[in-house]
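Undergrad: Submitted below is the structure of interest, expressed as structure tokens.
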Amino acid sequence: MNKLPLRKGIRLLLIIALFLGTTIITSLGATMNPASAQDSKPTIVLVHGAFAESSSWNGVLSELIPKGYPTVAVANPLRGVKSDADYVTSVLKGIEGPIVLVGHSYGGAVITNAVNDNENVKALVYVAGFAPDAGETAAELSGRYPGGTLGPTLAPPVELPDGGKDLYIQQDKFHAQFAADVPASDAQLMASTQRPITEAALNEASGAPAWQSIPSWFIYGDRDLNIPAAAQAFMAERASSKETIVVNGASHVVMVSHPDAVAEIIEHAAADN
87 MNKLPLRKGI
97 RLLLIIALFL
107 GTTIITSLGA
117 TMNPASAQDS
127 KPTIVLVHGA
137 FAESSSWNGV
147 LSELIPKGYP
157 TVAVANPLRG
167 VKSDADYVTS
177 VLKGIEGPIV
187 LVGHSYGGAV
197 ITNAVNDNEN
207 VKALVYVAGF
217 APDAGETAAE
227 LSGRYPGGTL
237 GPTLAPPVEL
247 PDGGKDLYIQ
257 QDKFHAQFAA
267 DVPASDAQLM
277 ASTQRPITEA
287 ALNEASGAPA
297 WQSIPSWFIY
307 GDRDLNIPAA
317 AQAFMAERAS
327 SKETIVVNGA
337 SHVVMVSHPD
347 AVAEIIEHAA
357 ADN
């Protein structure tokens, strides 16, 4: 019996199987890539601030992810305005398509300096965040208006090998100072896992502000003890904020205590672009 046709048939089947397998793998790859799967929605990049970490965005992420938004919660180094902004700039370069850049607290100063002519950044959202002008510092802005009480709650600085100092909030003062409208048990977890910021970062002058050329949105609580509400109102007005939300009774961590309100204003910024 001539086995040549049979061999050709088997070879043809293998080629077809290989082609189909490649197609399936390619399709799965597209499905697992958030950016390609959600081309119609911008990527939401969230930058946390001092004494916090990326998990502080968990409540907001829980609102955005089910709605199909690609999301990235950046681990902010908290070492210095320029160096932190450069790090976020590097993250942004790896993201295709439109971006909504969100910053909390000191993270607001970082996003203000991180755009660097990246045309994909379409909106800035300041969540109880600093929006400094060129030459301004976080420390100066927070002390420009009455109501800030962070200074007395700081623990003794941690001396660093390079001569710098790391700052923490005393754990027994963290709840009242930083997260008064969060359950005490949750606030204790936040206090235990807080990440320090260098003293130099809070006193480093900002560069040219991105909010001069990119639309901005602001949300903050009227019970914020880290950045007084009056300071945030001033910065929002100066930046010609497209929408400013003041959450009654909210502390400095408005994204933890009112994640739905924060997610909503982020969606407004996303829909505007």
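Just so we're aligned, residue 87 is where the sequence shown starts under our numbering, counting upward by one.
Note that CB positions come from ideal geometry on N, CA and C, so glycine has one too.
Here the structure is a predicted model, which means the values were calculated and not measured.
#1: In this structure, does DSSP put Glu329 in helix, strand or coil?
#2: So, for Asp219: in the same chain, excluding its five sequence neighbours on each side, which residues have a beta-carbon less than 8 Å away from its beta-carbon?
#3: Return yes when the Cβ of Ile197 is within less than 8 Å of the Cβ of Val133, no when it is not.
#4: Within the same chain, show all residues whose beta-carbon is closer than 8 Å to that of Thr108, passing over the 5 residues directly before and after it, in chain order.
#5: Among Ala266, Ser176 and Ser302, which residue has its Cα nearest to the Cα of Ala356?
#6: Cβ atoms of Gly183 and Pro128: under 8 Å apart, would you say?
#7: Using three-state DSSP, classify Gly221 as helix, strand or coil.
#8: Quick test of the definition: if touching needs 3 or more C-beta pairs under 8 Å, does the segment 201-214 touch the segment 277-292?
#9: Within its chain, find whatever has a CB closer than 7 Å to the CB of Thr279; leave out the 5 residues flanking it on each side and keep chain order.
#10: At the level of alpha carbons, what is the spacing between Ala315 and Tyr306?
#11: Please return the same chain residues whose Cβ sits closer than 7 Å to the Cβ of Gly193, not counting the five positions on each side in sequence.
#12: With three or more beta-carbon pairs closer than 8 Å as the criterion, would you say the segment 264-280 touches the segment 164-179?
#13: Give me the Cβ distance between Leu311 and Gln263, rounded to the nearest whole Å; I'm assuming they're in contact under 8 Å.
#14: For a test of the three-state rule: what should DSSP assign to Ile130, helix, strand or coil?
#15: Just the Cα atoms here: how many angstroms apart are Asn199 and Gln257?
#16: Taking Val342 as the reference, give the member of Met276, Ile352 and Trp297 with the closest Cα.
#17: Could you tell me which residues DSSP pairs with Val186 in its beta bridges?
#18: For Gly233 and Val160, I'd like the C-alpha separation in whole angstroms.
#19: According to DSSP, is Phe320 part of a helix, a strand, or is it coil?
#20: Less than 7 Å separating the Cβ of Gly221 from some heavy atom of the ligand ATP?
#21: For Phe304, which residues of its own chain have a beta-carbon under 6 Å away from its beta-carbon, when the five flanking residues on both sides are left out?
#22: At which residues does the alpha helix (DSSP H) containing Asp170 begin and terminate?
#23: Can you have a look at Gln318 and say buried or exposed, based on whether 16 or more other CB atoms are within 10 angstroms of its CB?
#24: What's the call for Val244, buried or exposed, on a 16-neighbour Cβ count within 10 Å?
#25: So, are the CB atoms of Val186 and Val158 less than 8 Å apart?
#26: Only counting the same chain, and skipping five residues up and downstream in sequence, which positions put a Cβ closer than 7 Å to that of Ala349?
#27: Classify Asp170 as buried or exposed, calling it buried when 16 or more other Cβ atoms lie within 10 Å of its own Cβ.
TA: Based on what the coordinates show:
#1: strand
#2: Ser292, Pro295 and Arg324
#3: yes
#4: Because Thr108 carries a pLDDT of 36, less than 50, the predicted location of this residue cannot be relied on, and no value is offered for it.
#5: Ser302
#6: yes
#7: Annotated three-state conformation of Gly221 is coil, per DSSP.
#8: no
#9: Glu139
#10: 7 Å
#11: Val133, His134, Gly135, Asn162 and Gly215
#12: no
#13: 5 Å
#14: Assigned with DSSP and collapsed to three states, Ile130 falls in strand.
#15: 30 Å
#16: Met276
#17: Note: Val186 sits in a beta bridge opposite Ile130 and Ala209.
#18: 29 Å
#19: Three-state DSSP puts Phe320 in a helix.
#20: This structure lacks the ligand ATP; in fact it carries no ligand of any kind.
#21: Tyr212, Ala322, Ser327 and Thr330
#22: Its alpha helix (DSSP H) spans residues Val167 to Lys179.
#23: buried
#24: Counting Cβ neighbours within 10 Å, Val244 comes out exposed, since fewer than 16 surround it.
#25: no
#26: Exclusion of the five residues before and after Ala349 leaves Val146, Glu149 and Leu150 as the residues of its chain whose Cβ lies within less than 7 Å of its Cβ.
#27: buried
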